[in-house]
Structures are given as structure tokens and as C-alpha cells.
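1 is the number of the first residue of the sequence shown in UniProt numbering; add one for each residue after it.
Encoded as C-alpha cells, the structure appears first; notes follow it.
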Amino acid sequence: MLLAQVNVARLRWDLDSPHLAGFVGAVDGVNLLAEASPGFVWRLRAAHGPVPLADGDARLVVNVSVWRTYEHLHAFTYRSRHGGLVRRRVEWFALTPPPYVALWWVADDAEPTMTEALRRLEHLRRYGPSPQAFGVRRRFTPDGRPVPPRRP
Numbered sequence: 001m002l003l004a005q006v007n008v009a010r011l012r013w014d015l016d017s018p019h020l021a022g023f024v025g026a027v028d029g030v031n032l033l034a035e036a037s038p039g040f041v042w043r044l045r046a047a048h049g050p051v052p053l054a055d056g057d058a059r060l061v062v063n064v065s066v067w068r069t070y071e072h073l074h075a076f077t078y079r080s081r082h083g084g085l086v087r088r089r090v091e092w093f094a095l096t097p098p099p100y101v102a103l104w105w106v107a108d109d110a111e112p113t114m115t116e117a118l119r120r121l122e123h124l125r126r127y128g129p130s131p132q133a134f135g136v137r138r139r140f141t142p143d144g145r146p147v148p149p150r151r152p
């Protein structure tokens with residue numbers, strides 16, 4: 001089993017706005033970094049333009065990827081150059097109703113669609129963490145058991 005993740009963010013401006021130049025300019029490099037990162041398996045690519053956008057919502061960026069483990073995903077997200085961009089998200093993105101990240105386990109050959117990923121996020125928002133969809137703080141193992149919280 002592999003770990004799938006979706007995260008969403010609402011752009012403050014249209015993608016071609018000069019206000020988003022820093023974000024748009026970083027996208028290709030971050031995608032290359034992700035693909036070269038330990039544990040990376042697959043990511044959803046944009047059909048047109050630099051980032052995948054939700055159908056019917058030209059400002060909702062939807063990132064979907066698959067990783068070998070949570071630890072691999074965490075290392076890329078927070079410990080690589082990507083982490084610096086995460087800390088700058090308020091410059092480019094409006095507040096998004098939480099949670100804006102959902103995780104779930106998939107088969108080794110899975111390539112989740114945007115529709116499936118957004119359904120998982122909606123499930124997490126509606127019902128809370130479960131093996132079906134969970135967040136970073138309350139995770140589940142591939143066999144559906146809760147991951148014990150980390151000790152401080």
C-alpha cells in the first residue's frame with residue numbers, strides 16, 4: 001500500500017496575475033524536487049498550465065500525489081525547499097476551509113483522479129478522520145488502525 005495525498009489552496013488572484021509570479025515561477029522546480037525526492041511515486045499533472053486547477057474553479061489549486069510512506073511525504077513537504085514555499089503560502093493563497101489536506105492508502109499501482117481526491121477531502125471535512133480519509137495529525141495505518149500520537 002502507498003499513501004495518497006490531496007491538498008487544496010485558493011489563489012488570491014488569477015494564475016496570470018503578477019502577484020503570483022513567485023509562486024508560478026517556483027512550480028516547475030518544486031515538481032522536479034518532488035519527483036526526485038525519496039519515496040515519491042506519482043503526481044497528478046496539470047492538463048493545461050503550470051498547476052492542476054479544479055474544474056469550474058480557476059482559482060482552486062489541487063495537488064494530488066502518491067508516496068511510499070508518510071515520513072517521505074513529510075520530509076518533502078516540510079524539510080525540503082518546498083517547506084520555505086509552504087511558509088509563504090499566505091502571500092499567494094486565501095484562507096481555505098480546514099482541513100485542506102487529506103491522506104488515504106491506495107494500491108501500489110493507483111493514480112488517484114482529482115475527483116476521487118476531492119471526494120476524500122470532502123469525506124474528511126464532513127465525517128472527520130477515518131481510514132477512508134485522514135489528516136496529518138490523526139493518521140491511520142494501511143490496515144485501518146489509528147497511528148498512536150507522537151510523544152513530545
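Positions of the beta carbon are idealized from the N, C-alpha and C atoms, including for glycine.
Just so you know, these numbers come straight off a predicted model, no measurement behind them.
So, helix, strand or coil for V147, using DSSP?
coil
Any idea which residues DSSP pairs W105 with across the strands?
L3
Report, in whole angstroms, the separation of the C-beta atoms of W105 and R120, which I expect to be a contact under 8 Å.
That pair is no contact at about 11 Å.
Just list the residues that DSSP pairs L44 with in beta bridges.
Its beta-bridge partners do not exist; DSSP assigns none.
By alpha-carbon positions, which one of P98, R125, A75, G84 ends up nearest to A36?
A75
Distance, Cα to Cα, T141 vs D57?
33 Å
Does the Cβ of V90 have 16 or more other Cβ atoms within 10 Å, making it buried, or fewer, making it exposed?
V90 should be labelled exposed.
Between the segment 23-37 and the segment 116-131, do at least 3 Cβ pairs fall closer than 8 Å?
no
For the beta strand (DSSP E) containing V136, list its first residue and its last residue.
Unbroken run through V136: none, as it is neither H nor E.
Measuring alpha carbon to alpha carbon, tell me which residue in L124, T69, H82, L118 is nearest W42.
T69
How far does the beta strand (DSSP E) with V86 in it reach, from first residue to last?
Here V86 belongs to no beta strand (DSSP E); instead the alpha helix (DSSP H) covers 81-87.
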